[in-house]
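Structure first, then comments.
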Amino acid sequence: MDKSIHSHLYHQVIGRLRSKREGKGVTQAQLADKLGVNQNFISKIETCDRRLDLIELRQICQVLGISFVDFVAEVERDILSKEEK
204 MDKSIHSHLY
214 HQVIGRLRSK
224 REGKGVTQAQ
234 LADKLGVNQN
244 FISKIETCDR
254 RLDLIELRQI
264 CQVLGISFVD
274 FVAEVERDIL
284 SKEEK
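All residue numbers for the sequence shown refer to the working numbering, where the first residue is 204 and numbers rise by one.
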């Protein structure tokens with residue numbers, strides 16, 4: 204079994220998170236500032252060089268003004284729809 208950071212499902216989660224950030228017009232630097240981390244931290248997450256844990260995902264969702272529960276539900280719907288094909 205591959206490490207989850209290298210799985211296509213993990214890449215889907217991160218891709219959706221990046222799309223949400225960009226859709227809100229928030230730069231990596233702005234997000235990092237609001238989280239109290241440096242921009243490199245966000246970059247490494249978005250390039251899948253660093254694993255994102257559940258607590259960090261929840262914090263990012265909060266900063267972006269999106270529901271953590273809705274975000275996870277969207278990802279789950281995406282996964283299920285692709286599995287059905």
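For glycine and all other residues, C-beta sits at the position ideal for the given N, C-alpha and C.
Between the C-alpha atoms of Leu267 and Gly218 there is a straight-line separation of about 15 Å. When Val216, Gln242 and Lys285 are compared, the shortest CA-CA separation from Ala232 is found for Gln242. Close CB contacts of Ile282 within its chain, under the 8 Å cut and outside five residues either way in sequence, are with Leu212 and Gln215 (chain order). Distances from the alpha-carbon of Arg261 to those of Leu238, Lys247 and Arg280 put Leu238 closest.
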